[in-house]
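A.B. asks:
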Amino acid sequence: MVLLHPSRFPFSLLTLSPSLSLRHYSKTTLLFQPKSTLTTTLTPSSPPPFPLDKLFIPPETKLPLDAAAARILNGSNILLSDYASDAQVLQADFVKSSVETDACPSDGLPEFALVGRSNVGKSSLLNSLVRRKKLALTSKKPGKTQCINHFRINNSWYLVDLPGYGYASAPKELRMDWEKFSKDYFLNRSTLVSVFLLIDASIPAKKIDLDYASWLGQNQIPMTLIFTKCDKRKKVKNGGKRPEENVNDFQDLIRGFFQTVPPWIMTSSVTHQGRDEILLHMAQLRNYWLKH
Ligand code: GDP
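Under the numbering used here, the first residue of the sequence shown carries the number 1274, and numbering increases by one thereafter.
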């Protein structure tokens, strides 16, 4: 299936009253169960501390009439939909490194691209998602760090590791090349379901990350924000802010560039916080994409 870019992922959501807050709903029983095969520690969520207009509601998903039945993925703003099935990673294989979009696998399987500033924790997250200690080392081998690296999951979809950006020591021309190269991939890869932009939540927002996120927003590239290192709670070096505050600040700074609220998930590769939530979110985006 080949989808043209603008129709990749219509975020057609409910019209929600900004004045409504999930706090208004107490949680009781679930009206629907996610079809996920994951055995997670997900619990019916506590009311998140943000209003409904900041919730990400996947397409074709309605907030249950009894809003107490809504399932929000832990540590995120994402409502779980009926599309969230087959989330488990059973098999992960490195497939290839490509130096341009046209050289990427052409089997039409849906894919998710992981991208972020160097040192943001991208390799750690990739390994955590597939429960392998060293799979992402493949992307760190000399010659592959500037490539589009495809990992096939369960023989049915791809995780894609894109070059990290913002290397302080890299020559300017190289940095420009990476930028051009990734932008071409974002704009022309028809099987890209969503970019997963990794942001370090243990430090205040960096301009380069804000620029990256706003570019994706302005170009209407579907994006999920993955906040990394949420276990780091020490106040040194981070301006005294907790990860939750950095997460909120980042969103406030990019809001103007998005028509609808981007989904976001808080994660840690140390505690594996957010791992199951990312996989469930990928599953629901992927299954929706496959049906349309
Ligand atoms: P990459 O350059 O984006 O691939 O980043 P790495 O995965 O290599 O991680 C960079 C550094 O951050 C390493 O020292 C990791 O141990 C550390 N790191 C990565 N993820 C986390 C996390 O969730 N929590 C903490 N505390 N440290 C992390």
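Where a beta carbon is used, it is the ideal one built from N, C-alpha and C, also for glycine.
State the Cα-Cα distance for the pair LEU1399 and ASP1326, rounded to the nearest angstrom.
C.D. replies: Rounded to the nearest angstrom, the two C-alpha atoms are 30 Å apart.
A.B. asks: Apply the 10 Å Cβ neighbour rule to THR1302 and answer buried if 16 or more other Cβ atoms are within range, or exposed otherwise.
C.D. replies: Residue placement at THR1302 is flagged as unreliable, the pLDDT there being 25, under the threshold of 50; the coordinate-derived value follows with that caveat. The residue is exposed, with fewer than 16 neighbouring Cβ atoms inside 10 Å.
A.B. asks: Could you pull the start and end residues of the beta strand (DSSP E) that PHE1500 belongs to?
C.D. replies: Taken as a continuous stretch (DSSP letters only), the beta strand (DSSP E) holding PHE1500 covers 1496-1501.
A.B. asks: Could you tell me if GLY1348 is buried or exposed, where buried requires 16 or more neighbouring beta carbons within 10 angstroms of its beta carbon?
C.D. replies: Buried, by the Cβ-count rule.
A.B. asks: Pick out whichever of SER1370, ARG1506 and SER1358 has its Cα sitting closest to the Cα of THR1418.
C.D. replies: Among SER1370, ARG1506 and SER1358, the Cα nearest to that of THR1418 is on SER1370.
A.B. asks: When you measure from the CB of ARG1515 to every non-hydrogen atom of the ligand GDP, does any distance come out below 8 Å?
C.D. replies: The answer is no for ARG1515.
A.B. asks: So, is SER1354 buried or exposed, given that buried needs 16 or more other C-beta atoms within 10 angstroms?
C.D. replies: Looking at its Cβ environment, which holds 16 or more other Cβ atoms inside 10 Å, SER1354 is buried.
A.B. asks: With DSSP as the reference, label PHE1531 as helix, strand or coil.
C.D. replies: Looking at PHE1531 - three-state DSSP - the assignment turns out to be coil, as it is neither helix nor strand.
A.B. asks: Could you give the C-beta distance for ILE1538 and ILE1351, rounded to a whole number, given that I count them as a contact under 8 Å?
C.D. replies: Confirmed, Cβ separation roughly 7 Å.
A.B. asks: In the structure shown, what three-state DSSP assignment does ALA1556 receive?
C.D. replies: ALA1556 falls in the helix class under three-state DSSP.
A.B. asks: Which residues in the same chain have their Cβ closer than 6 Å to the Cβ of MET1496, if we skip the five residues on either side of it in sequence?
C.D. replies: Result list for MET1496: VAL1468, LEU1470, LEU1489 and PRO1535, in chain order.
A.B. asks: Quick one, which of LEU1460, ASN1392 and ARG1548 has its alpha-carbon nearest GLY1439's?
C.D. replies: Nearest option by C-alpha distance: ASN1392.
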